[in-house]
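Position in the sequence shown counted from 1, then plus 486, gives you this note's numbering. Just so it is clear, CB atoms sit at the ideal spot from N, CA and C, and this is done for glycine as well.
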Amino acid sequence: MRWLYGIWITLIALCLSPIAVLTWVGWFADKHGCTVTENATFPCIVDGYDWGPSLAGWSLSGWMLIVTLPLAALLAGGLLLTVIIHFIMLRRRAAKR
487 MRWLYGIWIT LIALCLSPIA VLTWVGWFAD KHGCTVTENA TFPCIVDGYD
537 WGPSLAGWSL SGWMLIVTLP LAALLAGGLL LTVIIHFIML RRRAAKR
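So, in structure tokens, the structure goes:
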């Protein structure tokens, strides 16, 4: 049953990963004095490499939250249901002893 918890938690983490990407993009842009918007690409030269196009592309991952955030909520409900069922099974097993 523990492997099932791992699957639920992994899927929820994948659904929430756009939040981590957006957080990193914002931190990176602030740290290096870059401007990041969804509608334009601005140069962001760090150590001789232009991160502007990459940051602009990654900033669009926020739009995936429209799909992944409700999916994460459904998966969290599934995890809660699994925990409840597991708890009931353990209580019944303990009552038989």
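- In this structure, the beta-carbon distance from Leu-490 to Thr-554 does not fall below 7 Å.
- Looking at the DSSP output, Ile-531 shares a beta bridge with Asp-536.
- Judged by beta-carbon spacing, Leu-561 lies beyond the 7 Å limit of Leu-502, meaning their Cβ atoms are not closer than that value.
- Leu-546 sits away from Cys-530, with the two beta carbons spaced by 7 Å or more.
- By the C-beta density criterion, Pro-504 is buried, having at least 16 other C-beta atoms within 10 angstroms.
- DSSP, reduced to helix, strand and coil, places His-518 outside both helices and strands of the structure shown, so it counts as coil.
- In the three-state reduction of the DSSP assignment, Arg-583 falls in the coil class.
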